[in-house]
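Beneath this line is the structure, given in structure tokens, with notes to follow.
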Amino acid sequence: MLTLGVSLALLAACATADMSPANPGPSLDGEWREATRALHPPTITFEGERASGFAGCNRWFATVTRGEYPALTFSAVGSTRMMCEGAQMTIEREFLAALGDTQMAAVEGDQLVLSDIAGAEVARFQRVR
């Protein structure tokens, strides 16, 4: 019976092993503002495994999954549903599409570069805080 208890304890310890990547890269926590737009720039605020911000018209939120640096994806992306003028809605559609395309996030100085699976830049952000 003691052998069974020890075996179960060892099995449980193996099942709860830390599955986080060995090198997740630099912290992304804080606020970032899209660097290429002056009018209605989207923002990202990272807090651990969550991200949220302004999409150009609406507020948005998502789950963040980080792999070995620079791997990063956004999932379960949602947003509020206000309607805005055409230009703001275009910014928002482009931004949300960029989140969906993101497979990598690299920090270059005080900038965050989101890239697709081929390594093509889909968005660039400036650290705000």
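For the sequence shown, position 53 (counting from the first letter as 1) is numbered 53 according to my numbering, and the numbering increases by one without interruption. Positions of the beta carbon are idealized from the N, C-alpha and C atoms, including for glycine. Predicted model only: the values in this text are computed from it and were never measured.
Counting every other CB atom within 10 Å of its CB across the protein chains shown gives residue 63 a total below 16, marking it as exposed. Unbroken beta strand (DSSP E) runs of no fewer than 3 residues, entirely contained in the segment 92–125, are found at 104–108 and 111–115, following chain order. DSSP places residue 78 in the strand class (E or B) of the three-state scheme. Between the segment 67–74 and the segment 93–111, the count of C-beta pairs closer than 8 Å reaches three or more; the two stretches touch. The Cβ-Cβ distance between residue 44 and residue 53 falls below 8 Å.
Per DSSP, reduced to three states, the secondary structure at residue 86 is helical.
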